[in-house]
Amino acid sequence: MTKTAKNVFLPIGGGYMGGSYHFHEPAGRYYVSIYYNRKQRKIWKYNGEPIWHEKTANKLLSKIRAEMDDGVFLLQSYMPDSPISLGKYSEQWLSSLSLSPATMDFYRKEINYSVKYFGEDFDIRKFMFSKLQIFYNDLHLTIKGK
Numbered sequence: 017m018t019k020t021a022k023n024v025f026l027p028i029g030g031g032y033m034g035g036s037y038h039f040h041e042p043a044g045r046y047y048v049s050i051y052y053n054r055k056q057r058k059i060w061k062y063n064g065e066p067i068w069h070e071k072t073a074n075k076l077l078s079k080i081r082a083e084m085d086d087g088v089f090l091l092q093s094y095m096p097d098s099p100i101s102l103g104k105y106s107e108q109w110l111s112s113l114s115l116s117p118a119t120m121d122f123y124r125k126e127i128n129y130s131v132k133y134f135g136e137d138f139d140i141r142k143f144m145f146s147k148l149q150i151f152y153n154d155l156h157l158t159i160k161g162k
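In C-alpha cells, the structure reads:
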C-alpha cells in the first residue's frame, strides 16, 4: 500500500478514481464534484473559465485525479480567490513590502499591468521562462524599470 498526500491509502499501481462531473441545468454548465478532506467539493471553472462542455469537465476531472495520484493536488487552486492566482498573490506580496510611497506606487502600477496581461486568475505555478521573457520584452520600461 502507498500513502498519498491526502492520507488516503491506495494499492500500489492504483490511483484516485473518485469524483464525477455533472451538468447544472439552471447555470447551463458543468461542474466537477470531488470528495476531499471529508467534504463534497464542487469545482465550477477550469483555467479560470466556466465549464461549458462535457469534454472539458472530463478533462478537468482527469487532471484532478492525476494531481491526486502525484500528491500535488491543491484544492485552493481551483477555487475563487485562489491564493496562488496572480491577482491574489500579488496583493499579498505588495502588502508585505515596506517601501517609499513612490516606489510602492510604481510597483502597484506595474503589478496591475501584469495582472491585466496574464489575467487575475492566472495560476502562478504556470509561469514559464518563455512567457516571462515575452512579457519582459513587452514592457515599455527602461532596463532599470524592468
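Quick note, the numbering used here runs 16 ahead of the 1-based positions in the sequence shown.
Idealized CB from N, CA, C, for every residue including glycine.
Computed from a predicted structure; not experimentally measured.
Residues near residue i in its chain [Cβ-Cβ closer than 6 Å; skip 5 each side]
i          : result
residue 60 : 47
residue 52 : 91
residue 77 : 35, 37 and 48
residue 45 : 66, 67 and 68
Spatially closest choice to residue i from the options, by CA coordinates
i           : options              : result
residue 80  : 145, 68, 123 and 62  : 62
residue 140 : 45, 128 and 103      : 103
residue 125 : 106, 112, 96 and 143 : 106
residue 110 : 123, 118 and 116     : 123
residue 177 : 108, 156 and 64      : This structure cannot settle anything about residue 177, because the visible part of the chain is limited to 17 through 162.
Contact belief for residue i with residue j at Cβ below 8 Å, rounded distance in angstroms
i           : j           : result
residue 38  : residue 49  : 6 Å
residue 138 : residue 101 : 6 Å
residue 130 : residue 145 : Not quite, the Cβ-Cβ distance comes to about 16 Å (not below 8 Å), so this is no contact.
Beta-bridge partners of residue i, as assigned by DSSP
i          : result
residue 59 : 48
Other residues of its chain near residue i: CB distance less than 8 Å, five sequence neighbours each side excluded
i          : result
residue 57 : 49, 50, 51 and 91
Return the chain-ordered ranges of every alpha helix (DSSP H) run that is complete within the region 102-140 and spans a minimum of 4 residues. 102-111 and 117-134
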